[in-house]
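Engineer: Encoded as structure tokens, here's the structure I'll be asking about.
2 protein chains.
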Amino acid sequence: MKVTIKDIAREAGVSVTTVSRVLNNKVDVSPKTRQKVLDIINKLNYNPNSIARGLVMNKTYTIGLIVPDISNSFFAEIAKAIEEEIRSYGYSVIFCNTGNDKKRERESINLLKSKQVDGLIGAFSNASKEEIIALNKSGFPVVQIDRLVEDSQVPSVVVDNTVSGYLATEYLIKKGHKRIAHISGSLDTNTGIRRAAGYKKAMLENGLVVEEDLIIEGDFSQESGYQAMMQIMEENKDLTAVFAGNDMMALGAYRAIYDLGLKIPEDISIIGHDDFTLASLVRPALTTMQQPIYEIGELAARVLIDMLKGRKNKEPLIVVNTRLVERSSVKTIH
Amino acid sequence: MKVTIKDIAREAGVSVTTVSRVLNNKVDVSPKTRQKVLDIINKLNYNPNSIARGLVMNKTYTIGLIVPDISNSFFAEIAKAIEEEIRSYGYSVIFCNTGNDKKRERESINLLKSKQVDGLIGAFSNASKEEIIALNKSGFPVVQIDRLVEDSQVPSVVVDNTVSGYLATEYLIKKGHKRIAHISGSLDTNTGIRRAAGYKKAMLENGLVVEEDLIIEGDFSQESGYQAMMQIMEENKDLTAVFAGNDMMALGAYRAIYDLGLKIPEDISIIGHDDFTLASLVRPALTTMQQPIYEIGELAARVLIDMLKGRKNKEPLIVVNTRLVERSSVKTIH
DNA sequence: AACGTTACCGGAAACGTTTTCAATATCATT
DNA sequence: AATGATATTGAAAACGTTTCCGGTAACGTT
């Protein structure tokens, strides 16, 4: 049923080679026959088979994208950026959702390689570290986003969470706060560790003490933010501000504070991290560190494209900056 | 560099055919040679080329997904559901983001067909109506989500927005409200039209009058919800409730009401539609009509799988129900 | 008229698989 | 030992493209 290049050739009375030539805008075909072929193509509604083409050219114009959770707005936004950028170069993207499952992550890598993708972008966990490094060493184009496999020489685009955590905390300090708590993200993720490290660094460098019971570990979820906030408030009545490891937890903290009958920012100031959609929508609007999410996706795509084109990228590590977005959840203390 | 089935065959001292057989778990190969081949495969780290396989089998085990905006949580969640469901059947998904651009929508369809996807799931606009219908008629597996191309016989899974709008409005009425406004979504989308129709039907059937200046058209965006609410309040001081065409606009209405110095639900009750993530996070928590988003994706995937397996689906239209989620944004009037 | 260029075209191999068909090896049965 | 059945194997075609290499036609130059 499917119309192939052979059908076109037969119908137009030319060889397959010639049809291929007009398909690819090659020279060596007269205007007349080109037109004739074009007409037939149109008439028969012919659509070239990329699979066959991919087989001979050893190139599929498809890349793979591996994310833990596409329904997480962070990754959804990145996916969008990648798709739009890479499409403009004629590529499309197959995406795999791992659900943070290491096994599925490895399966996905194999699946995508099997599907002959030309390159890979992913937020990989440390579990796939060797695989990624091997891939990269073998010359296969991979770029990492968000998460960092260290000392690996595999191109990555990430934010520097240490300085971002530092900046957030420093902002609070500059606003006059001294008793500042931190609700950290999971401390088995680089992200969580780094932001906490930035918090400590800022405290120390500004002559404040870091008290261990002012740091509570959450897991980036709203509920964990709520619990952490409750726990902190129980023991530290004199607290004036908290830096939440992400906006989701900040929102949990919001709820806890309301439930305690307190007000933001009058009683407690809060700064978050990420600037997800809700941050500007919630009341009081959340002051937070904005990640340039779309830019991360765009950059990752661009780096990959460079590699696909065989261009050597000099700097494997691209660090993008977060930006403080001042809204209404932090008050100045005099 | 890439190791192929031929390399395995040579190394194992058997034919390509035999290797193919063990690859596909066919009978007709002795345990001894099977093991030998398996060993070599393992040693050489061989990964079959799906592209080549796809060419001969005329099946790629890949489907296409076309959405207007993957960074919209609704579609992100659907994408996740589809990927997870369809992966369990051995398929993967290429996704295209159209940005609501009709041209890109058509391009995407062609691209995906060119990549020989086995099927297509999409939230298509009316612009691609003929194309979708033609595809379906030709026997190519397509299923529509969210948006409905009417009278087309192409399998769709959608919510019935008319009854959903009806239910939302009816709830308000049952709570004792009489002066109820509606901030509609864009009235050039079926979704917007239907929900508004449901609103009117509920009003009429309950003996209330529908006043045209109590219906204001928004465009599903937060800002439009804000503007619409402001406009309504200017002219209708005696209003007690509003049904917002989606949660995003409900949030805009929240802001407007706060800016007016009024309180929810004491002064004005609000019901939304969709139950997106923020709905439960915002204060007061938003009462809304919940769409079973994950289920929509799952069902769409399942319907497609059925078609891929050649099973004939009897009922082209699958309607899923929305569910009222009562929270704190509507008060009872006595 | 002979030759050299240039423009245009086609045959066939190749890409990495699956599958059809036929061939061979093995073994039990007589 | 011959036969038949069964288990195991391989050669080659096919899938729909691109590309290499060569060939013919047309035309201008000498």
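In the order they appear, the protein sequences are chains A and B. Sequential numbering of the first sequence, starting at 1, is according to my numbering. Sequential numbering of the second sequence, starting at 1, is according to my numbering. Even for Gly, the Cβ is constructed at its ideal location relative to N, Cα and C.
Between the C-alpha atoms of residue 138 (chain A) and residue 116 (chain A), what's the straight-line distance to the nearest angstrom?
Structural biologist: C-alpha separation (whole angstroms): 15 Å.
Engineer: In the stretch 281-306 of chain A, which residues sit with their C-beta less than 7 Å from some C-beta in chain B, listed in chain order?
Structural biologist: Cβ contacts with chain B: 281, 282, 283.
Engineer: Got a sec, what are the start and stop residues for the alpha helix (DSSP H) residue 1 (chain B) sits in?
Structural biologist: Looking at the DSSP string, residue 1 (chain B) is not in any alpha helix (DSSP H), and its letter there is neither H nor E.
Engineer: Here's a check: name, in chain order, each residue in its chain whose Cβ is nearer than 6 Å to the Cβ of residue 328 (chain B), leaving out the five neighbours to either side.
Structural biologist: These residues qualify, in order along the chain: 284, 285.
Engineer: Quick check: the stretch 299-306 of chain A against the stretch 117-128 of chain A, are at least 3 beta-carbon pairs closer than 8 Å?
Structural biologist: Result yes; three or more Cβ-Cβ pairs closer than 8 Å.
Engineer: Who are residue 386 (chain A)'s beta bridge partners in DSSP?
Structural biologist: The structure shown does not extend to residue 386 (chain A), since chain A is modelled only from 1 through 334, so no value can be given for it.
Engineer: Can you tell which of B:292, B:55, B:9, B:112 has its C-alpha closest to the C-alpha of residue 75 (chain B)?
Structural biologist: Checking every option, the nearest Cα to that of residue 75 (chain B) belongs to B:292.
Engineer: Please list the terminal residues of the continuous beta strand (DSSP E) segment that includes residue 97 (chain B).
Structural biologist: Here the beta strand (DSSP E) through residue 97 (chain B) covers 92-97.
Engineer: For the alpha helix (DSSP H) that residue 192 (chain B) lies in, which residues bound it at each end?
Structural biologist: 190-205 is the extent of the alpha helix (DSSP H) around residue 192 (chain B).
Engineer: Kindly list the residues whose CB is nearer than 6 Å to the CB of residue 218 (chain B), restricted to its own chain and excluding five residues on each side of it in sequence; keep chain order.
Structural biologist: So the qualifying residues of the chain are 183, 224, 225, 228, 249.
Engineer: Using DSSP's beta-bridge definition, name the partner residues of residue 180 (chain B).
Structural biologist: Residue 180 (chain B) is bridged to B:241.
Engineer: Rounded to whole angstroms, how far is the Cβ of residue 12 (chain A) from the Cβ of residue 3 (chain A), which I believe are closer than 8 Å?
Structural biologist: Contact doesn't hold; Cβ gap of about 12 Å is too wide.
Engineer: So does the stretch 83-103 of chain A actually touch the stretch 148-167 of chain A, counting three or more Cβ pairs closer than 8 Å?
Structural biologist: In short, these stretches do not touch, since the Cβ pair count stays below three.
Engineer: Are the beta-carbon atoms of residue 272 (chain A) and residue 236 (chain A) separated by less than 8 Å?
Structural biologist: In this structure, residue 236 (chain A) does not lie closer than 8 Å to residue 272 (chain A) by Cβ.
Engineer: Can you round the beta-carbon distance between residue 81 (chain A) and residue 297 (chain A) to whole angstroms, since I take them to be within the 8 Å contact cut?
Structural biologist: Rounded, the Cβ-Cβ distance is 3 Å, consistent with contact.
Engineer: Bridge partners of residue 122 (chain B), per DSSP?
Structural biologist: Residue 122 (chain B) pairs with B:66, B:144.
Engineer: Let me know the secondary structure DSSP gives residue 150 (chain B) once reduced to three states.
Structural biologist: DSSP places residue 150 (chain B) in coil when its eight states are reduced to three.
Engineer: Could you work out which residues of chain A lie near residue 110 (chain B), taking near to mean beta carbons separated by less than 7 Å?
Structural biologist: Simply 47.
Engineer: Closer than 8 Å is the cut-off here; do at least three beta carbon pairs connect the stretch 200-218 of chain B with the stretch 160-168 of chain B?
Structural biologist: Touching, yes.
Engineer: Starting from the N-terminal side, write out each stretch of the beta strand (DSSP E) that is 3 residues or longer and does not extend beyond the stretch 206-231 of chain B.
Structural biologist: Whole beta strand (DSSP E) segments, 3+ residues: 215-217.
Engineer: Please tell me whether residue 98 (chain A) has its Cβ less than 8 Å away from any Cβ of chain B.
Structural biologist: Chain B contact via Cβ: absent.
Engineer: Judging by CA-CA distance, which residue of B:15, B:178, B:150, B:277 is the nearest neighbour of residue 189 (chain B)?
Structural biologist: Nearest of B:15, B:178, B:150, B:277 to residue 189 (chain B), Cα basis: B:150.
Engineer: Does the distance from the CB of residue 266 (chain A) to the CB of residue 175 (chain A) come in under 8 Å?
Structural biologist: Result no, Cβ atoms of residue 266 (chain A) and residue 175 (chain A) do not sit closer than 8 Å.
Engineer: Below 9 Å between beta carbons is the criterion; list the residues of the stretch 217-229 of chain B that meet it against any residue of chain A, in chain order.
Structural biologist: Per Cβ criterion, the list reads 222.
Engineer: Excluding five sequence neighbours on each side, which residues of the same chain lie with their C-beta closer than 8 Å to the C-beta of residue 48 (chain B)?
Structural biologist: Taken in chain order, the residues that qualify are 5, 23.
Engineer: Is residue 318 (chain B) helix, strand or coil by DSSP?
Structural biologist: Strand at residue 318 (chain B).
Engineer: With distance defined between alpha-carbon atoms, name the residue in A:89, A:65, A:210 nearest to residue 145 (chain A).
Structural biologist: For residue 145 (chain A), the nearest C-alpha among the options comes from A:65.
Engineer: How long is the line joining the alpha carbons of residue 196 (chain A) and residue 259 (chain A), rounded to whole angstroms?
Structural biologist: Their Cα atoms are separated by approximately 26 Å.
Engineer: Which partner residues does residue 337 (chain A) have in the DSSP bridge list?
Structural biologist: Look at the range of chain A in this structure, 1 to 334, and you will see that residue 337 (chain A) is not part of it.
Engineer: Are the beta-carbon atoms of residue 239 (chain B) and residue 268 (chain B) separated by less than 8 Å?
Structural biologist: Yes. Within cutoff.
Engineer: Got a sec: is the Cβ-Cβ distance from residue 77 (chain A) to anything in chain B below 8 Å?
Structural biologist: So, interface residue.
Engineer: Alpha helix (DSSP H) containing residue 103 (chain A): first to last residue?
Structural biologist: Residue 103 (chain A) -> alpha helix (DSSP H) spans 102-114.
Engineer: Can you tell me where the alpha helix (DSSP H) with residue 266 (chain B) in it begins and where it stops?
Structural biologist: Segment: none, residue 266 (chain B) is in no alpha helix (DSSP H) and carries neither H nor E.
Engineer: Would residue 251 (chain A) pass as a contact of residue 251 (chain B) if the rule is Cβ separation under 8 Å?
Structural biologist: No. Outside cutoff.
Engineer: I'd like the list of long-range same chain contacts for residue 131 (chain A), defined as Cβ closer than 7 Å, with 5 residues on each side in sequence excluded.
Structural biologist: If we look at residue 131 (chain A) and ignore the five residues flanking it on each side, its Cβ neighbours are 106, 109.
Engineer: Taking residue 211 (chain B) as the reference, give the member of B:232, B:222, B:87 with the closest Cα.
Structural biologist: It is B:232.
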